[in-house]
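For the record, the sequence lines run as chains V and A.
The opening position of the first sequence corresponds to residue 1 in this note's numbering, with each subsequent residue numbered one higher.
The opening position of the second sequence corresponds to residue 126 in this note's numbering, with each subsequent residue numbered one higher.
Even for Gly, the Cβ is constructed at its ideal location relative to N, Cα and C.
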Amino acid sequence: MTTANEHDERTGDIAPGYEVASREDAWNAVRGYLTGLALAVLLTVAAFWASGTDLIYRPGVPIALVVLAVAQMGIHLVFFLHITTGPDNTNNVLALAFGVLIVFLLVFGTVWVMAHMNQNMMPMH
Amino acid sequence: MSSPTLPIESDPYHIGHSGPDSSATGHGAGGPASKRIIVGYGFWIFLISDIILFSALFGSYAVLAPATAGGPAARDIFDTNNVAWETGCLLLSSFACGMASIAVGQRSQLWTQVALLVTGLLGLVFLLLEIHEFHGLLARGFGPTRSAFLTAFFTLVGCHGAHVTAGLLWLGTMMAQFFAKGFRRPIEHRYFCFSLFWHTLDIIWVAIFCLVYLVGINL
Numbered sequence: 001m002t003t004a005n006e007h008d009e010r011t012g013d014i015a016p017g018y019e020v021a022s023r024e025d026a027w028n029a030v031r032g033y034l035t036g037l038a039l040a041v042l043l044t045v046a047a048f049w050a051s052g053t054d055l056i057y058r059p060g061v062p063i064a065l066v067v068l069a070v071a072q073m074g075i076h077l078v079f080f081l082h083i084t085t086g087p088d089n090t091n092n093v094l095a096l097a098f099g100v101l102i103v104f105l106l107v108f109g110t111v112w113v114m115a116h117m118n119q120n121m122m123p124m125h
Numbered sequence: 126m127s128s129p130t131l132p133i134e135s136d137p138y139h140i141g142h143s144g145p146d147s148s149a150t151g152h153g154a155g156g157p158a159s160k161r162i163i164v165g166y167g168f169w170i171f172l173i174s175d176i177i178l179f180s181a182l183f184g185s186y187a188v189l190a191p192a193t194a195g196g197p198a199a200r201d202i203f204d205t206n207n208v209a210w211e212t213g214c215l216l217l218s219s220f221a222c223g224m225a226s227i228a229v230g231q232r233s234q235l236w237t238q239v240a241l242l243v244t245g246l247l248g249l250v251f252l253l254l255e256i257h258e259f260h261g262l263l264a265r266g267f268g269p270t271r272s273a274f275l276t277a278f279f280t281l282v283g284c285h286g287a288h289v290t291a292g293l294l295w296l297g298t299m300m301a302q303f304f305a306k307g308f309r310r311p312i313e314h315r316y317f318c319f320s321l322f323w324h325t326l327d328i329i330w331v332a333i334f335c336l337v338y339l340v341g342i343n344l
């Protein structure tokens, strides 16, 4: 407690978001993380269940797993990394959107191009 | 040392959606962004470049996964139980890291150290489980030189493991700095970057356990 206050007095420079958060804010933050944890656990259990069950159409399982993975990544981004669509997050979201574009191009581009090249190869055996 | 306040008219078209009622800085109105926001944004750009690096490894894994060269396929070597334990450890570690962030916000040395210790121990258990898995594969002769599939697998998962190892070293440094120097602003900035790094590693692990392990078992 004292260390922080001394430091603030020394520089006299207080940025927004630097004040010691109130107890109430802290409990709200804990609730936010708990919500994120519960949703992540739910999606993880669903993924392991989908992988082992015979209840869903087997060839559809990989697609279900991709959907569950993307959903859980979204949960992590919102509840743990606090990436929101609020006005204070415009820059972060734009950077993320560009990153997602590049990831999409890299992964799907690689798979697409390599699958076609494989098809056009001379049979080896 | 307070920064000069720019007039609201500096963003007359509200390009940054920052109206007179908004307290968000860094959009032309409300003055320049705080150092914390700039540090966080810069580190966020780095993390996105790291995610792009991983996406290249995911792409090559997807292409090389069927190239088993007569060796074992994914379903022959992946152990669902081990992956479930690893996933649980890393998810709880990420949660504990969030608790540490709150403790830092409360300037509580005790809770910061406890939460960071839990974060680190869970990360360490994850790492040991992964080393155990790799060791078992190597002992059976299924090392990265066995097939293109195993090369891609060890590169992708090993790269994540290397990130976790670096994160654990960073975590230990943060605990020591909080303990020795207290909640100084530059140290808080470093911790903020660490928490972003640790949560991002968990996101990459979500992709690995779903798309590499669970999809691999089902193909």
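Contact check, residue i vs residue j, beta carbons under 8 Å
i, j, result
"A129(V)", "L65(V)", "Nothing can be reported for residue 129(V), as the shown portion of chain V is limited to 1 through 125."
"G248(A)", "S218(A)", "yes"
"F350(A)", "E211(A)", "Within the shown structure, residues of chain A are numbered from 126 to 344, placing residue 350(A) beyond reach of any answer."
"I227(A)", "A40(V)", "no"
"H324(A)", "F80(V)", "yes"
"L101(V)", "I177(A)", "no"
"T244(A)", "A221(A)", "yes"
"A225(A)", "A209(A)", "no"
"G165(A)", "L321(A)", "yes"
"F319(A)", "M300(A)", "no"
"L336(A)", "A69(V)", "yes"
"S159(A)", "A277(A)", "no"
CB contact check: residue i to chain V, cutoff 8 Å
i, result
"Q231(A)", "yes"
"V289(A)", "no"
"G184(A)", "yes"
"H324(A)", "yes"
"I342(A)", "yes"
"A332(A)", "yes"
"V188(A)", "yes"
"L336(A)", "yes"
"Y166(A)", "yes"
"W169(A)", "yes"
"D327(A)", "yes"
"L246(A)", "no"
"L198(A)", "Note that residue 198(A) is Ala in the sequence shown, not Leu. Answer no: the Cβ-Cβ gap between A198(A) and chain V never drops below 8 Å."
"S218(A)", "no"
For residue i, the nearest candidate out of the options (CA to CA)
i, options, result
"N92(V)", "P197(A), F303(A), A305(A), F171(A)", "F171(A)"
"L281(A)", "L235(A), A187(A), R161(A)", "A187(A)"
"L182(A)", "N343(A), A332(A), V289(A)", "A332(A)"
"F203(A)", "H314(A), A301(A), F259(A)", "F259(A)"
"G286(A)", "S159(A), A305(A), I163(A), H257(A)", "H257(A)"
"L254(A)", "I342(A), C214(A), L263(A)", "C214(A)"
"T110(V)", "L189(A), N206(A), L216(A)", "L189(A)"
"G74(V)", "L43(V), F104(V), M117(V)", "L43(V)"
"L94(V)", "I329(A), I173(A), Q302(A)", "I173(A)"
"D25(V)", "L296(A), G297(A), Q231(A)", "Q231(A)"
"G341(A)", "P59(V), Q119(V), T35(V), D88(V)", "P59(V)"
"N343(A)", "A46(V), T53(V), V45(V)", "T53(V)"
"W78(V)", "P87(V), G32(V), F48(V)", "Rather than Trp, the amino acid found at residue 78(V) in this sequence is Val. Taking only the C-alpha atoms, the option nearest V78(V) is G32(V)."
"T193(A)", "D201(A), F274(A), R200(A)", "F274(A)"
Neighbour flag for residue i against chain A, beta carbons, 8 Å
i, result
"G17(V)", "Low confidence applies to G17(V): its pLDDT is 41, below 50, so where it sits in the model is not reliable enough to give any reading."
"G99(V)", "yes"
"Q72(V)", "yes"
"V93(V)", "no"
"I102(V)", "yes"
"P62(V)", "yes"
"T110(V)", "yes"
"M114(V)", "yes"
"T3(V)", "Confidence at T3(V) is low in this model, with a pLDDT of 39, below 50, so its placement is unreliable and the value that follows should be read with caution. Judged by the 8 Å Cβ criterion, T3(V) is in contact with chain A."
"T44(V)", "yes"
"V30(V)", "yes"
Residue i: first and last residue of the uninterrupted alpha helix (DSSP H) it sits in
i, result
"Y316(A)", "310-332"
"A291(A)", "273-306"
"M117(V)", "90-120"
"A192(A)", "A192(A) -> no alpha helix (DSSP H), and no H or E assigned at all."
"S226(A)", "205-230"
"L43(V)", "23-52"
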